[in-house]
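Numbering of the sequence shown is given in the numbering used here, commencing with residue 11 and proceeding in unit increments.
Even for Gly, the Cβ is constructed at its ideal location relative to N, Cα and C.
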Amino acid sequence: METPRLRSADIPQAEDLTEVRELVSALLEVGTSTDALADHTGFSDRHVCYRLHAAKVLGLIDGKRALTDRGDRLLATPPGSPDERSALAEAVASCPVVKLVAPDLLTAQALDLDQVSTALAQVAGLSASTAARRARILEAWRQQLAEPAPE
């Protein structure tokens with residue numbers, strides 16, 4: 011059986027899901043222009059593009075930078091709330107790259123970064139260093155969505 015292929019562009023480069031949400035919210039306020047989004051958020055153009063791409067991969071926006079139903083559901087939640095965490099977890103679990111290389115991302119006690127990195131290199135033709143960096147992004151998502159420790 012042939013290994014499914016992803017393009018390098020299918021692998022997100024935005025580490026902070028809070029910033030992805032901030033950018034999705036900014037789309038409603040200032041429109042789809044990268045310059046306007048950068049001015050509004052203070053993110054560099056490059057980081058605006060990374061976060062927009064992550065929003066697309068997560069199914070929060072479509073290819074025209076319009077909010078999807080999933081994006082609408084996310085923005086209907088209070089920032090930092092359990093509902094927000096749940097909406098983001100749903101988006102991450104549904105993300106094609108997560109489903110392919112780390113389907114247990116949100117349920118595993120720990121992520122085997124070497125295994126995920128190797129899988130990313132194989133399915134997207136990434137160099138070892140790029141695959142390792144992208145694997146760390148998935149790990150960052152997992153950590154952000156972990157249930158908070160009881161107080």
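Check	Outcome
Where lysine 74 and glycine 135 are concerned, what is the direct C-alpha to C-alpha distance, given to the nearest angstrom?	27 angstroms
For the pair the segment 27 to 38 and the segment 46 to 57, tell me if three or more CB-CB distances fall below 8 angstroms.	yes
Could you tell me which residues DSSP puts in a beta bridge with isoleucine 21?	Looking at the DSSP assignment, isoleucine 21 forms no beta bridge with any residue, so it has no partner.
Rounded to the nearest angstrom, what separates leucine 169 and alanine 150 at their Cα positions?	No answer is possible for residue 169: the residues shown for the chain start at 11 and end at 161.
How many angstroms separate the CA atom of proline 160 from the CA atom of leucine 115?	In this predicted model, proline 160 has a pLDDT of only 49, less than 50, meaning its place in the structure is not dependable; the value taken from the coordinates is given anyway. Answer to the nearest angstrom: the Cα atoms are 21 angstroms apart.
Using alpha carbons as the reference points, say which of Leu77, Ser104, Cys59, Glu25 lies closest to glutamate 39.	Leu77
Judging by CA-CA distance, which residue of Ser104, Leu98, Leu130, Ala145 is the nearest neighbour of glutamine 154?	Leu98
Exposed or buried, what is alanine 65 when buried is set at 16 or more other beta-carbons lying within 10 Å of its beta-carbon?	buried
Nearest to aspartate 55 by CA position, among Ala131, Ala24, Leu110, Ser91, is which residue?	Ala24
Scan the segment 48 to 123 and note each continuous alpha helix (DSSP H) run of 4 residues or more that stays entirely inside, going in chain order.	55 to 67, 79 to 85, 92 to 104, 106 to 111
In this structure, does DSSP put aspartate 26 in helix, strand or coil?	coil
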